Every structure is written in structure tokens, then in C-alpha cells.
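One structure below.
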Amino acid sequence: MIGCECAGIIRRLGPGVTGFQVGDRVVTQTNGTYVNHLQVDVARVHIIPDSMTFEDAATIPLVYLTAIHSLYHIANLQEGQYVLIHSAGGGVGIAAIQLAQHKKCDRTDTEILSWQVFVTVSTNEKRKLLASQFNIPTNRMFSSRNTKFAEEIRRETNGLGIDIILNSLVGELLDESWRLTADGGVMVEIGKRDIVDRNMLSMEPFDRNCSFRAVDLSYVEQISNALTGNFANGLLKEVFKLVEDGHIGPRHYISRRPSIRRSLLYPAWPTYG
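Under full-length UniProt numbering, the residues of the sequence shown are numbered 1 to 273, in order.
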């Protein structure tokens, strides 16, 4: 069955379940969510804040869990680092921008916040979106359609390159991004195409102590749960703490822009006796 995230209302509780009650509004990240009722492990469930709609909650788990695990846990993002977010107009990209800017939340100057975040996008509409909503300067936005971004970013960083790259591009775009990694930097791969195709990776950045990491949440979860358990629950708590504190959150403009919106399915709710 398809689907990997949803929001709804608890109708029944299993034996020994604590911390929840029937009628609670909740969100979950699990498989097979395109159904009108779902049985799920309590470790995958989180209460939705009263101020949040089901629609907003349902768009959070996959993109924000991917972004926070990639940037905070794998790349160990720190204030002051240069960050490049590819395909930044999509769901994971928008989540990653918010998380990257939050790492510099002690600063109040939004121009400074945005100055260290570089992005690539595929359309001018997305450029305008990121400029208006996240204050990304025009000299920090580049096209994801060709490799020119690498030369332009090297110029903007005085040849230093990028400390952390969140990549979903493929082929020569991936290769050029990898070579753009700064000394000691990290590139986090969230795409699958080049991995599935078993394409080659340049060895040169490794000579500069760079790291290449690939993130697949489903595989990471299998390993983590076998060792410590509750991988998804820990990420959900971390993400929703930032949401409830007002640092990050779903953006309503996504649903109004056909080029970047995500689809929501509304089931016919079952009747329980």
C-alpha cells in the first residue's frame, strides 16, 4: 500500500497505550497511509498542536524528518557554515531552509540569516517565492538545470566552497556539487537515481577530508530501531518542538502554487459503533 504520512483522530487504543486518548488529533509517519483507517505503532504518533490544521500536520513528517535528520544529525550543521540546498523550492528544500536559518536564530538580521544559505531552483517563480518568504538574496539563488551554479558559488565564497550540501540532483549536477564541497565539508545525498544506477563518485574531495553521506529514512529507521528503537518518534518530537516554538512550520503558500504544492487525500471517515 502507498502513502507514508497522515493526520487524523484516534478512534481506538491498544492495550497498555499511555499518553494518548480516544479523540486526540494526531499525525504519524508510517507506510500504507492512503486508507480511511490505520493501525500504527504508538512510537510513530505525535499529538497535533491545537493551532494546527490536519492539512498542515499531514505535510510535515516526511519532508521535515528528512531535512532535520540530514542537516542536524548527519551533517551536524553549525552556525556560520555555508549551506547549499538543491531543489529548494520543493517540500524538503523549504523545510531545510527553515532549519538552516533556525540554526542562526540568535541573530535577528534576516539578511545575515539568509546570507549563508545558498539554493538552486528550477523556475523563476520559485526564485521569487524564496526571495519573498525567506529573504534569500538573488546572489544566493542559482539554476538547478545546469552546472553553472558551481562556478558562481565558488566566486561568492571566495573559492572556499560549501560546508554542507543537501543534494537531490543527478548525474553531472551531482558530481559538480560533490566537487564544490569545502575542505572537511559534508554532502548529504537524499536522491536515489545515481545510487540505484551505481554511478561513479569522484575521489578528489575525499583527499580534502570531505564526507559523502546518503540518507534513506526507511533504511536508517530499520537499523536504528534494531539498536535503540523509536527512531521516527524521536524525530517527530524534535520537529514538532520546533514547530510549537514557532521556529519552523508548514507554509500555506505551498497549497496555492501548482508548481510546488503537495497533494492531500481526504478519506471517507468510517463509522464506529
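Each residue gets a CB set at the ideal place from its N, CA and C atoms; glycine is no exception.
Values in this document were obtained by computation on a predicted structure and should not be read as measured data.
- Residue 2 counts as exposed, since fewer than 16 other beta carbons sit within 10 angstroms of its beta carbon.
- Annotated as proximal: residue 4 and residue 62, with beta-carbon spacing under 8 Å.
- A distance below 6 Å between beta-carbons, with the five flanking residues on each side excluded, links residue 141 to the following residues of its chain, in chain order: 119, 127.
- Closest by C-alpha distance to residue 180, out of 190, 191, 167, 192, is 167.
- Counting other Cβ atoms within 10 Å of its Cβ, residue 192 stays below 16 and is therefore classed as exposed.
- Cβ-Cβ distances below 6 Å link residue 93 to 85, 87 in the same chain, with the five nearest sequence neighbours on each side left out; the list follows chain order.
- With fewer than 16 other beta carbons inside 10 angstroms of its own, residue 15 counts as exposed.
- Membership of residue 25 in the beta strand (DSSP E) is indicated by the continuous run 25–29.
- In this structure, the alpha-carbon of residue 51 lies about 44 Å from that of residue 158.
- As DSSP reads the structure, residue 6 sits in a beta bridge with 28.
- DSSP lists 85, 141 as the bridge partner or partners of residue 119.
- In terms of CA proximity to residue 182, 162 leads the group 162, 204, 102.
- Its Cα nearest to that of residue 90, the residue 121 stands out among 199, 72, 121.
- Of the residues assessed, residue 241 falls on the exposed side of the cut-off, its CB having fewer than 16 other CB atoms within 10 angstroms.
- DSSP places residue 57 in the helix class (H, G or I) of the three-state scheme.
- Less than 8 Å separates the beta-carbon of residue 100 from that of residue 77.
- Between residue 171 and residue 67, the alpha-carbon positions lie close to 22 Å from each other.
- Just so you know, the alpha carbons of residue 137 and residue 131 end up roughly 6 Å apart.
- Taking each of 8, 69, 39 in turn and checking the Cα distance to residue 55, the smallest one comes out for 8.
- Non-local beta-carbon contacts of residue 178 in its own chain, meaning distances under 7 Å to residues more than five positions away in sequence, involve 187, 201, 202, 205, 212 in chain order.
- In chain order, 10, 13, 26, 42, 45, 47 place their CB closer than 8 Å to the CB of residue 20, counting only its own chain and leaving out the 5 sequence neighbours on each side.
- Partner residues in the beta bridge of residue 181, as assigned by DSSP, are 162.
- For the set 75, 53, 60, 18, the Cα lying nearest the Cα of residue 164 is the one of 75.
- Going by beta carbons, residue 97 and residue 134 fall inside the 8 Å limit.
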